[in-house]
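Student:
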Amino acid sequence: MNEKEVIEVIGAVLHRIAPEADLALVDPDSELQEQLDIDSMDFLNVVIGLHERTGIDIPERDYRQVSTLHGLVGYIVARSD
Amino acid sequence: MPSLGADMESGTIVEWHVKPGDTVQRGDIIALVATEKSDIEVEVFDNGAVREILVPVGQEVAVGTVLARLGDSAEPSVGPSSPPDSSPPVVPPSTPAPVIPAPRPQPTERRVISPLIRHRAEELGVDIDHVVGSGQGGAVHRSDVESAAATGKLASGFVRASPRARRRASELGIDLAGLVGSGPDDSITEADVERTVPSEVAQPTVEPLAKPDIRGDGNQKAAMRRAIASLMERANREIPHYYLNTTIDLQPALDWLAATNIERPVAERIIPTAMLLKATARAAREVPDLNGFWVEDHVEQSGSVHLGVAISLRGGGLIAPAILDADKCTLVELMVRLRDLVSRARSGVLRASEMSAPTITVSNLGDQGAEAVYGVIYPPQVALIGFGKIVERPWAHEGMLGVRPVVTATVAGDHRASDGHVGGLFLAAVDRLLQRPEEL
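Protein sequence lines correspond, in order, to chains B and G. Using my numbering, the letters of the first sequence map in sequence onto residues 1199 to 1279. Using my numbering, the letters of the second sequence map in sequence onto residues 37 to 476.
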């Protein structure tokens, strides 16, 4: 997947959790959870949703790497074929 | 109409899932009720057969109003014209209800169905009891019967939709049954409703369409705000609160959690909140003075721990349904039920037992919030437990200073029901339980 496709997947997953969230308005380099006002339960649901759609599992020890939109997109792109 | 939370004064029947003559078993979901906060599935409290439905779809009635009558399942069902009998009203026993001055059951408005319309329904093979009436008090018009026959859409067809979607659909005159939902569990969202608005209607009337939307949203927010306001006003007026806090070292709990989560498939991972809730539920069993209700002039301890969880709704508002018997389920079960509860609270369908049950409530501010929350007790409960966000702080452990993850736990206690000493015991129990996470 390329960057654009990954962003689309993230947007679709987020829509189910925070329907009003608009990725276009997100600062890609600051904390995603804080900007979207989502808690740890919501974030786990994002991780589960991404796993369902891409097969990529983000273990908890990597959560820091994916805390921004930039980091999350890069993480998925690097691990998808 | 059961009391589905202490702040509820009335409810509107959205759907009946049963009709006269149906056999029901305790726990069956018999109706969907809309309240200011959420749509709630109402369970029946006893086994038997539905004899009579007294409140039609669409009618708003006060808490305490008899919704339907239940009889022995062996007896034949009776028609709506039979005289009232002594069979018990189908009002689930609402545990905390005694404190709410439940109005006397009021005579409910009967649905007006003329013989002509009955006849037309028979001709068309439509079950008149399931036709949604568009008239006053749910009165059924000839057009209702004919449109039910044409579309096959009856009141009993269950449509999962958020309260906002329902409101928007009714504003726009759209039938929810025809829509495909994109929300959780395929429930219909407001956006799904908006999408069905034909563009030729939408374009020339952008203003009028935009305005009801804002107004609808504002109305719902305002209604929820009023419900919260009146409950909190009452809580602060009636309950002499006392507050305690303690800071708890979470290093052992989080280490254990990280190790177990590595082994788990992503969908079964446990979040720290689930551990905090589990420890609270166990502490509530150990220190029962904080687990129960204030009734008139004394505390009634509850034999069960139904843990209320304050869930903030996106777009504003708060709802606090319960995880039933939270002290008895395993940590994994509690996590599964918490995920389910949060998702249903946000999609807008909760069960009556979850709304009326909480014996003690937890407010967890989560990752983005403050370090401590000193809450307001939900009457008639007698305590509210708060957890702030987990933060890293310098911490002395076995004579050494290190940096550890800690959380501030608080008790807001009802001083009529307990003293600070009991609240202290409660927090000590939570702390102790969190130091041995593998036993939770």
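Idealized CB from N, CA, C, for every residue including glycine. Every value quoted in this text rests on a predicted model; they were computed, and no experiment measured them.
What ranges does the alpha helix (DSSP H) occupy inside the stretch 268-319 of chain G, keeping only unbroken runs of at least 4 residues that lie completely in it?
Tutor: Entirely contained in the stretch 268-319 of chain G, the alpha helix (DSSP H) runs reaching 4 residues are, in chain order, 287-299.
Student: Is Glu77(G) helix, strand or coil by DSSP?
Tutor: Three-state DSSP puts Glu77(G) in a strand.
Student: If you run the structure through DSSP and keep just helix, strand and coil, what is Thr395(G)?
Tutor: Coil, per DSSP.
Student: Please report the residue range of the beta strand (DSSP E) in which Ile65(G) lies.
Tutor: Taken as a continuous stretch (DSSP letters only), the beta strand (DSSP E) holding Ile65(G) covers Ile65 to Ala70.
Student: Using a Cβ-Cβ cut-off of less than 7 Å, give me the residues of the stretch 403-420 of chain G that come near chain B, in sequence order.
Tutor: Answer set for the stretch 403-420 of chain G: Asp403 and Gln404.
Student: What residues in the stretch 321-354 of chain G have a beta carbon less than 8 Å from any beta carbon of chain B?
Tutor: Hits within the stretch, in order: Arg350 and Gly351.
Student: What residues match up with Arg519(G) in a beta bridge as DSSP calls it?
Tutor: Since the first residue of chain G shown is 37 and the last is 476, residue 519(G) is not available in this structure.
Student: Output the distance between the C-alpha atoms of Val442(G) and Pro430(G), rounded to the nearest integer angstrom.
Tutor: So the alpha carbons of these two residues sit roughly 9 Å apart.
Student: Taking the runs of the alpha helix (DSSP H) that are 4 residues or longer, which of them lie wholly in the stretch 356-402 of chain G?
Tutor: Complete alpha helix (DSSP H) runs here, min 4: 367-383 and 388-392.
Student: Would you check if the distance between the CB atom of Arg200(G) and the CB atom of Gln256(G) is smaller than 9 Å?
Tutor: Result yes, Cβ atoms of Arg200(G) and Gln256(G) sit closer than 9 Å.
Student: Starting from Arg87(G), follow the beta strand (DSSP E) in both directions and report where the run begins and ends.
Tutor: Its beta strand (DSSP E) spans residues Gly84 to Ile89.
Student: Taking only three categories from DSSP, how would you classify Thr59(G)?
Tutor: If DSSP states are grouped into helix, strand and coil, Thr59(G) belongs with the strands.
Student: Rounding to the nearest angstrom, what Cα-Cα distance links Val439(G) and Thr283(G) in this structure?
Tutor: Cα-Cα distance, rounded: 14 Å.
Student: Excluding the 5 residues preceding and the 5 following Leu401(G) in the sequence, name in chain order all residues of the same chain whose CB lies nearer than 8 Å to its CB.
Tutor: Closer than 8 Å at Cβ, skipping near neighbours: Val409, Gly422, Phe423, Gly424 and Lys425.
Student: When burial is assigned at 16 or more other CB atoms within 10 Å of the CB, is Gly384(G) buried or exposed?
Tutor: Result: buried.
Student: Could you name the residues of chain B that Thr296(G) contacts, counting a contact when the two beta carbons are closer than 9 Å?
Tutor: Simply none; closest approach about 11 Å.
Student: As a quick exercise: from Thr101(G), Asp228(G) and Gln417(G), pick the residue whose alpha carbon is nearest that of Ala358(G).
Tutor: Ala358(G) has its Cα closest to that of Gln417(G), out of Thr101(G), Asp228(G) and Gln417(G).
Student: Starting from the Cα of Tyr1261(B), find the closest Cα among Asp1225(B), Val1204(B) and Gln1231(B) and give me that residue.
Tutor: The shortest Cα separation from Tyr1261(B) among Asp1225(B), Val1204(B) and Gln1231(B) belongs to Gln1231(B).
Student: When DSSP builds the beta bridges, which residues end up paired with Thr446(G)?
Tutor: Per DSSP, Asn281(G) and Gly422(G).
Student: Just list the residues that DSSP pairs Phe462(G) with in beta bridges.
Tutor: Phe462(G) pairs with nothing; no bridge assigned.
Student: Going by DSSP, which residues form a beta bridge with Val1258(B)?
Tutor: Rather than Val, the amino acid found at residue 1258(B) in this sequence is Glu. DSSP, once it has assigned bridges, lists no residue as partnering Glu1258(B).
Student: Below 7 Å between beta carbons is the criterion; list the residues of the stretch 1239-1256 of chain B that meet it against any residue of chain G, in chain order.
Tutor: So the list reads Met1239, Leu1242, Val1245, Ile1246, His1249 and Asp1255, given in the order they occur along the chain.
Student: Could you tell me the alpha carbon to alpha carbon distance between Asp165(G) and Lys55(G), rounded to whole angstroms?
Tutor: Their backbone Cα atoms lie some 7 Å apart in a straight line.
Student: If you compare alpha carbons, which of Val398(G), Phe81(G), Val50(G) and Thr59(G) is closest to Ser389(G)?
Tutor: The shortest Cα separation from Ser389(G) among Val398(G), Phe81(G), Val50(G) and Thr59(G) belongs to Phe81(G).
Student: For a cutoff of 9 Å on Cβ pairs, would you count Gln1231(B) as touching chain G?
Tutor: True, the Cβ-Cβ gap to chain G drops below 9 Å.
Student: Is it a yes or a no for the stretch 41-50 of chain G touching the stretch 93-109 of chain G, going by three-plus beta-carbon pairs under 8 Å?
Tutor: Contact between the stretch 41-50 of chain G and the stretch 93-109 of chain G is present, because at least three Cβ pairs lie under 8 Å.
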